[in-house]
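Chains as they are written, first to last, in the numbering used here: chain E, 57 to 322; chain R, 2 to 173.
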């Protein structure tokens, strides 16, 4: 599998093409994420799709869901998935062009294949690689990151296979606390019913972490999930918490889960 | 002088008790500087009225620039701290889709040297009021902002827009 920087082609009146990656994998495959920033005027996209260089007689090309409308200065991420039974395909994103419209080359696209029939070991190595590679990244609440872009699709597609590893890695504090905190933010924010139970249990376990950053992120994740079943764990965390500022924030999470006012009233 | 609001990228970098054993009185942890100065060396703040009446709109405006309806942490501090630190405020539109909030309340700090930035961060850390808006509240604030036409749903990033649409559908 090749992972390379996407290339840009913008000739004539053709749609601008971002090469996202090559894949030597077959079957269902998460290809990568493309970040985009629209520099020019507002326009409605019409040409967002993924092409396979090698036509697949059995399946149509995967589609990337476009935003409804792109406004000047708007940014976003599109995650690309391809369904194929043929190994060896190139994936391109054809973006719309128009007067005064330009695009920034996606900086983080690459090929990442995650197949349903991947072995447990391969999947764990992949996720471990994502979490270790993010150590140098700067994280900000509300903003996507390599962790969110890579981890969320894996959980959505392989939640049963990956749950045990995430408990081991995140609750076991095997990685960098900032990266673990970032993962916990997104595990709390994601809407994915099949994994909801173990995601909540994982966040509850992480309330016991030695790192304050991780404990705070676990509380935030539980607030995002808004699941009253976490009340006993949050109560216990408040009892244990040595940092007064974090204890106060956990008390607000508890109030929310119990249906009481706790957060600042606007 | 009005209050100033600065969003915090990650609140745990500001939790004093994590580093209280060695932090000198009146000082701030170094990671807090990250939350004040962007990569271009700019410091972006928002003016908040003394009665905080515009706080919900300012929070919604900033939240509308983000990629998920995540927790929103901020510090509110006395605007006087800017001149005390030797910097000055200048009106400059932000990048929020709420144009009114952008024009009326967004400010950039000018004449910010390394020492002045550090003084300002220390002032915000020691004397400021840190607060948090939960992910659930952020969704409510953004829904209200859309209902009041401060923002358009289409102005929001895809993930936030989907979350708002789901929440609105569940309420209905």
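Virtual Cβ for every residue (Gly too), placed ideally from N, Cα, C.
Just so you know, these numbers come straight off a predicted model, no measurement behind them.
Query, Result
"In chain order, what residues of the same chain lie with their CB nearer than 7 angstroms to the CB of residue 56 of chain R, ignoring the 5 residues before and after it?", "49"
"Tell me, please, whether the CB atom of residue 285 of chain E is closer than 8 angstroms to any CB atom in chain A?", "Annotation note: the requested chain A is absent from the structure, which comprises protein chains E and R."
"By the three-class DSSP mapping on this structure, what secondary structure does residue 22 of chain R have?", "coil"
"Here's a check: name, in chain order, each residue in its chain whose Cβ is nearer than 7 angstroms to the Cβ of residue 279 of chain E, leaving out the five neighbours to either side.", "309 and 312"
"Let's test the definition: count the other Cβ atoms within 10 Å of the Cβ of residue 248 of chain E and tell me whether it reaches 16, buried, or not, exposed.", "exposed"
"Can you say whether residue 141 of chain E is buried or exposed, counting buried as having 16 or more other CB atoms within 10 angstroms of its CB?", "Unreliable positioning characterises residue 141 of chain E in this predicted model, as indicated by a pLDDT of 46, which lies under 50. A coordinate reading is not provided."
"Kindly say whether residue 182 of chain E, judged by its beta-carbon, lies nearer than 8 angstroms to any beta-carbon of chain R.", "no"
"Can you tell me the Cα-Cα spacing of residue 158 of chain R and residue 175 of chain E, whole angstroms?", "35 angstroms"
"Taking three-plus beta-carbon pairs below 8 angstroms as touching, is the stretch 132-145 of chain R in contact with the stretch 103-116 of chain R?", "no"
"Cβ of residue 232 of chain E less than 8 angstroms from any chain R Cβ?", "no"
"Closer than 8 angstroms between beta carbons: that is the criterion. Which residues of the stretch 274-299 of chain E meet it against chain R?", "276, 279, 280, 282, 298 and 299"
"Do you know how far the Cα of residue 111 of chain R is from the Cα of residue 28 of chain R?", "22 angstroms"
"On the premise that residue 196 of chain E lies in contact with residue 11 of chain R, defined as a C-beta separation below 8 angstroms, what is that separation, rounded to the nearest angstrom?", "7 angstroms"
"So for residue 109 of chain E, helix, strand or coil by DSSP?", "Reliability fails at residue 109 of chain E, whose pLDDT of 43 lies under 50, so the model's placement of it is uncertain and no value is given."
"Leaving out five residues on either side along the sequence, give the residues of the same chain with a beta carbon under 6 angstroms from the beta carbon of residue 93 of chain R.", "109"
"Buried or exposed for residue 242 of chain E, please, with buried defined as at least 16 other CB atoms from any protein chain shown within 10 angstroms of its CB.", "buried"
"CA-CA distance, residue 264 of chain E and residue 270 of chain E?", "9 angstroms"
"Can you check whether the CB of residue 69 of chain R is closer than 8 angstroms to the CB of residue 161 of chain R?", "yes"
"Does the stretch 179-190 of chain E come into contact with the stretch 205-217 of chain E, if we say contact requires no fewer than three beta-carbon pairs (one atom in each stretch) closer than 8 angstroms?", "yes"
"State the CB to CB distance for the pair residue 173 of chain R and residue 80 of chain R, rounded to an integer number of angstroms; the pair is presumed to be in contact (CB under 8 angstroms).", "42 angstroms between Cβ atoms; not a contact."
"If the cut is a Cβ gap below 7 angstroms, which residues of chain R does residue 245 of chain E touch?", "69, 71 and 136"
"What do you reckon, are the CB atoms on residue 146 of chain R and residue 31 of chain R nearer than 8 angstroms?", "no"
"Using a C-beta to C-beta distance shorter than 7 angstroms, which residues of chain R count as neighbours of residue 187 of chain E?", "Per Cβ cutoff of 7 angstroms: no residues; residue 187 of chain E is ~17 angstroms from chain R at best."
"Of all the residues that make up the stretch 95-118 of chain R, which are near chain E by a beta-carbon distance shorter than 7 angstroms?", "96"
"Output needed for residue 284 of chain E: all residues of its chain with C-beta closer than 6 angstroms, excluding positions within five of it in sequence on either side, in chain order.", "313"
"Per the DSSP calculation, residue 7 of chain R is bridged to which residue(s)?", "R:76"
"Where do the N-terminal and C-terminal ends of the beta strand (DSSP E) with residue 204 of chain E fall, by residue?", "First-last for residue 204 of chain E: 202-222, but that is the alpha helix (DSSP H), not the beta strand (DSSP E)."
"If you run the structure through DSSP and keep just helix, strand and coil, what is residue 107 of chain R?", "strand"
"Counting only the same chain and skipping the five closest in sequence on each side, list residues whose C-beta sits under 7 angstroms from that of residue 287 of chain E.", "310, 313 and 314"
"Determine the direct distance from the alpha carbon of residue 154 of chain R to that of residue 100 of chain E, and round the result to whole angstroms.", "Because residue 100 of chain E sits at a pLDDT of 45, beneath the cut-off of 50, its placement in the model cannot be relied upon, and the following sentence gives the value as read from the coordinates. For residue 100 of chain E and residue 154 of chain R, the distance between alpha carbons rounds to 15 angstroms."
"DSSP three-state label for residue 152 of chain R, please.", "coil"
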